[in-house]
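Residue numbers (our numbering): 3 to 138. Note that CB positions come from ideal geometry on N, CA and C, so glycine has one too. Below is one structure; the comments refer to it alone.
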């Protein structure tokens, strides 16, 4: 009694379907031998199924890993853009804060001078304050 193995197209070993019982081949193998053969065939089929499952699972995990890496790259790019925007906004806020302090100092000095009662001087000063706070 023997079991023929051959390699399938996807490189897996498969039991040859040519095996039959000892009675049909006039073999001297005992019925226990046939039983053992059937057990081994079952175990081989189970192992083959497990291999296919693991290969499929491995492919799925690899696909998920590639997708996750793409998402990470996208998130990192978005993070870098947001960090750059945050820096720009922080710089703009600091610049506006400095301009506001400068305007407050100029307003205090203007209020202390004698031109405060001159409408034309007030209009010029207000225009100066507006111009100094425009973001360019």
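I'd like the list of long-range same chain contacts for residue i, defined as Cβ closer than 8 Å, with 5 residues on each side in sequence excluded.
| i | result |
| --- | --- |
| residue 135 | 98, 101, 102 and 105 |
| residue 96 | none |
Quick check on the DSSP output: the alpha helix (DSSP H) that includes residue i runs from which residue to which?
| i | result |
| --- | --- |
| residue 132 | 121 to 134 |
Which value, in whole angstroms, describes the spacing of the CA atoms of residue i and residue j?
| i | j | result |
| --- | --- | --- |
| residue 160 | residue 68 | The question about residue 160 has no answer, for the chain in this structure spans 3 to 138. |
| residue 73 | residue 65 | 12 Å |
| residue 84 | residue 45 | 57 Å |
Take residue i and list the residues in its own chain whose beta-carbon comes closer than 6 Å to its own, dropping the five residues that flank it on each side.
| i | result |
| --- | --- |
| residue 127 | 112 |
| residue 131 | 105 |
| residue 86 | none |
| residue 42 | none |
Quick one, are the C-beta atoms of residue i and residue j less than 9 Å apart?
| i | j | result |
| --- | --- | --- |
| residue 137 | residue 71 | no |
| residue 118 | residue 110 | no |
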